[in-house]
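>
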Amino acid sequence: MTGNREPRDAPCPRDGSRREFLKNLGVGGVATIAGTGVALAAPNLGGDALADAWSDFFQDHYQRMTPEELANALARIERRARRRFGVDIRCEDTPPLDGVVFGYALNISKCRGYRECVEGCVRENNPGRDSQVQYIRVLEIDRGTMNLEGSDHYYDPETVPRPGKFYLPVQCMQCDDPPCVKSCPVEATWKEPDGIVVIDYDWCIGCRYCMAACPYWARHFNWTDPWIPPAEINPVTNYLGNRPRAKGVTEKCHFCTQRTRKGRQPACQEACPTGARIFGNLLDPTSEIRYVLENKTVFRLKEELGTDPKFWYFTD
Numbered sequence: 094m095t096g097n098r099e100p101r102d103a104p105c106p107r108d109g110s111r112r113e114f115l116k117n118l119g120v121g122g123v124a125t126i127a128g129t130g131v132a133l134a135a136p137n138l139g140g141d142a143l144a145d146a147w148s149d150f151f152q153d154h155y156q157r158m159t160p161e162e163l164a165n166a167l168a169r170i171e172r173r174a175r176r177r178f179g180v181d182i183r184c185e186d187t188p189p190l191d192g193v194v195f196g197y198a199l200n201i202s203k204c205r206g207y208r209e210c211v212e213g214c215v216r217e218n219n220p221g222r223d224s225q226v227q228y229i230r231v232l233e234i235d236r237g238t239m240n241l242e243g244s245d246h247y248y249d250p251e252t253v254p255r256p257g258k259f260y261l262p263v264q265c266m267q268c269d270d271p272p273c274v275k276s277c278p279v280e281a282t283w284k285e286p287d288g289i290v291v292i293d294y295d296w297c298i299g300c301r302y303c304m305a306a307c308p309y310w311a312r313h314f315n316w317t318d319p320w321i322p323p324a325e326i327n328p329v330t331n332y333l334g335n336r337p338r339a340k341g342v343t344e345k346c347h348f349c350t351q352r353t354r355k356g357r358q359p360a361c362q363e364a365c366p367t368g369a370r371i372f373g374n375l376l377d378p379t380s381e382i383r384y385v386l387e388n389k390t391v392f393r394l395k396e397e398l399g400t401d402p403k404f405w406y407f408t409d
């Protein structure tokens, strides 16, 4: 179950006051916060829902959970999805693969601005439909420039590509030195051995420091309780990936952990009709992405910031 996960004693400092606060609540219908005289009612739930709610309060950080604790957390996620959406999902913990560091390359010459990568990502990764959260944004830019700030994120012509324009998809760059990780005060986000920057949604406190720190507009905050029509839910989910999220947490692209850690391509790569997207193992000298990096003139966005993205762009 644990595979290549970080050691259980890896440092993951947590806001101790919150942990003690929750311990002081007890498990009764109404608990009193020690030393304050303030009473707090338990959630107005019944049966499994009540038990799951209280278990969630005491759930440890992903990197510190035992295999049994993690199995219980996965079961709670599945039960909540059944209660909330009326569908059965399967939530797994898929560890990083040995000898794999993922990277992405995108051929700008082939991108036509169709946004099918965006649609494929939404279908796969269960973002809230009401909030319009999308991990990928495709920028329409005037040819001859590279003005990201002046690009059009919301272009909507009858047909694309438009004359005089080119298209630049951006998403989480899975940085080797991610500023979002450094900015998180509770270590709810970190970089895995395969290079994917992940989020423990149950540990996120919603401060949005990571959003402010990211120079690529790659993180998104759930202002509302994300709703997905039951018929559109992807039932194959991953703890650190596309499982249903809650209101008040951030989320982002995770290179489709539920797919790529099983040897599949990310949904955006499969959805691209022009072959612009190339994904693979940077440690494999025979991989297509290694060929691109070794034989094409590539560049990375905002490379001067020193974040060392694992997402490259090139042209024919």
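Going by this note's numbering, the first residue of the sequence shown is number 94, and it counts up by one from there. Glycine residues also receive a C-beta, built at the ideal position from the N, C-alpha and C atoms.
When DSSP labels each residue in this structure, what does Pro-337 get in the three-state scheme?
If DSSP states are grouped into helix, strand and coil, Pro-337 belongs with coil.
> Could you tell me the distance, in whole angstroms, from the CA atom of Ala-144 to the CA atom of Arg-175?
Using only the alpha carbons, I get a separation of about 15 Å.
> Can you look up Met-284 in the DSSP assignment and give me helix, strand or coil?
Checking the sequence, you will find Lys at residue 284 rather than Met. Lys-284: strand per DSSP, three-state reduction.
> Where does Lys-203 fall in DSSP's three states?
Of the three classes helix, strand and coil, the one that applies to Lys-203 here is coil, per DSSP.
> Cutting at 7 Å between CB atoms, please list the residues of its own chain near Gly-213, excluding the five before and the five after it.
Excluding residues within five positions, the ones whose Cβ falls inside 7 Å are Ala-360, Cys-361, Glu-363 and Ala-364.
> State the Cα-Cα distance for the pair Arg-236 and Gln-227, rounded to the nearest angstrom.
Roughly 25 Å between the two C-alpha positions.
> Quick check on the burial criterion: 16 or more other C-beta atoms within 10 angstroms. Buried or exposed for Tyr-247?
With fewer than 16 Cβ atoms within 10 Å of its Cβ, Tyr-247 is classed as exposed.
> Three or more C-beta pairs closer than 8 Å, one from the stretch 292-306 and one from the stretch 365-378: is that the case here?
They do not touch, by the three-pair rule.
> Whole-angstrom Cβ separation of Lys-258 and Ile-234, contact assumed at under 8 Å?
Between Ile-234 and Lys-258 the Cβ distance is about 7 Å, and since that is below 8 Å, they are a contact.
> Closer than 6 Å by C-beta to Phe-372: which residues in its own chain qualify, once you throw out the five before and the five after it? Chain order, please.
Taken in chain order, the residues that qualify are Tyr-197, Gln-358, Pro-359 and Gln-362.
> Can the beta-carbon of Val-290 be found closer than 9 Å to that of Val-279?
Result no, Cβ atoms of Val-290 and Val-279 do not sit closer than 9 Å.
> Buried or exposed, going by whether 16 or more other CB atoms sit within 10 Å of the CB of Asp-87?
The structure shown has nothing for residue 87, since the chain only spans 94 to 409.
> Is Thr-379 helix, strand or coil when you go by DSSP?
Coil.
> Out of Lys-340, Arg-336 and Thr-367, state which residue places its alpha-carbon closest to the alpha-carbon of Asp-223.
Among Lys-340, Arg-336 and Thr-367, the Cα nearest to that of Asp-223 is on Lys-340.
> Counting only beta-carbon atoms, is Ala-306 nearer than 9 Å to chain C?
No chain C appears in the structure shown, which is made up of a single protein chain.
> Can you find at least 3 beta carbon pairs, one from the stretch 328-339 and one from the stretch 251-265, that sit closer than 8 Å?
No: the two stretches stay apart, fewer than three of their Cβ pairs being nearer than 8 Å.
> Any idea what DSSP makes of Thr-353, helix, strand or coil?
If DSSP states are grouped into helix, strand and coil, Thr-353 belongs with the helices.
> Does the Cβ of Glu-397 have 16 or more other Cβ atoms within 10 Å, making it buried, or fewer, making it exposed?
Classification for Glu-397: exposed.
> Are Arg-230 and Gln-267 touching if we call contact CB-CB under 9 Å?
No, they are not a contact pair.
> Straight-line CA distance for Glu-387 to Ala-142?
Taking the straight line from one Cα to the other gives about 53 Å.
> Residues in its own chain within less than 8 Å of Asn-165 by CB, not counting five upstream and five downstream?
Ser-148.
> I need the DSSP call for Ile-170, collapsed to helix, strand or coil.
Reduced to three states, the DSSP call for Ile-170 is helix.
> Rounded to whole angstroms, what's the CA-CA distance from Arg-157 to Leu-199? Just pull it up for me.
Cα-Cα distance, rounded: 36 Å.
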